[in-house]
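Only one structure is covered here, and it is reproduced in the block below.
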Amino acid sequence: MRFDVLTLFPEMFEPIQQSILGRASKNHILEFNFINMRDYSKNKHLKVDDTPYGGGAGMVMIPDVVYDAYSSIPNKENAKVIYLSPQGKQLNQAKVQELSEEEHLILLCGHYEGIDQRVLDEIVNEEISIGDYVLTGGELPAMVLIDSVSRYVEGVLKEESTKEESFSNGLLEYPQYTRPEVFRGKKVPEVLLSGHHENIQKWRQEKSLEITKLKRPDLLK
Ligand code: 4FN
């Protein structure tokens, strides 16, 4: 799967090129391209923003800078263009799985007060938000999307984990324990030491349901 990211801060994406996603990109399972939109400024001071028509605070990203950066992306005829925006529908696990079926995503990250509406109308296929809070830019949301979607791309994870995890049944996870058997006087639940696979599965299922009811009843609806 290919991700092209249109951003003013490509260096913010260094962390996702490490660890699991870094390995997937070395193995050519994922491909990342970061396009610095500032490279497409026509201004001698490399300006990418201007004052808003109608007045008001802040600056707006100039449409032709964004459009020229977008136009520079090769072989994008099958790409879906996503604008990370507080105006989008909130990302959830169903949308993550749907997006993981795409071959090519172009992620557009806004800054300042946002982007001139005309270029958005021209190039954006879908707006997605990661939640309701104020941010300084779309880069962290883009990274959240890349991280969550990439896990579902064949070959990125060592199998099992994707399918067995709690979110595939929509519930929270049961509690986990590792050695030692006693920690500060607290024992690991007996059933987990029993080796009785059926009882363990039943206990975990019950715990998942109990914890979800208690902490996130909204997930059961
Ligand atoms: N944010 C709100 C209302 C009005 C503006 C904002 C806001 C970054 C370019 C957008 C924010 C949150 C989740 C992108 C927020 C997201 C952004 C996101 C984002 C600079 C303009 C801006 C009512 C949500 C609090 C700044 C609410 N998911 N504007 O944050 O890009 O993707």
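Be aware that the sequence shown starts at 191, since it is given in my numbering, and climbs by one per residue. In this text, a Cβ means the ideal position worked out from N, Cα and C, and glycines have one as well.
- Of all C-beta pairs linking the region 209 to 216 to the region 310 to 320, fewer than three are shorter than 8 Å, placing the two stretches out of contact.
- A Cβ-Cβ distance of about 19 Å is found for the pair residue 330 and residue 314, leaving them out of contact under the 8 Å criterion.
- DSSP places residue 401 in the uninterrupted alpha helix (DSSP H) bounded by 387 to 405.
- In its chain, beyond the 5 residues on either side, 309, 312, 313 have a beta carbon closer than 8 Å to the beta carbon of residue 257.
- Residue 364 is not a Cβ neighbour of residue 338, given a cutoff of 8 Å.
- Assigned with DSSP and collapsed to three states, residue 192 falls in strand.
- When only Cα atoms are considered, residue 201 and residue 228 end up about 13 Å apart.
- A residue is called buried when at least 16 other Cβ atoms come within 10 angstroms of its Cβ; residue 373 does not meet this threshold and is exposed.
- The three-state secondary structure of residue 408, taken from DSSP, is helix.
- At least 8 Å separates the beta-carbon of residue 241 from that of residue 224.
- When the beta-carbon positions are compared, residue 290 and residue 343 come within less than 8 Å of each other.
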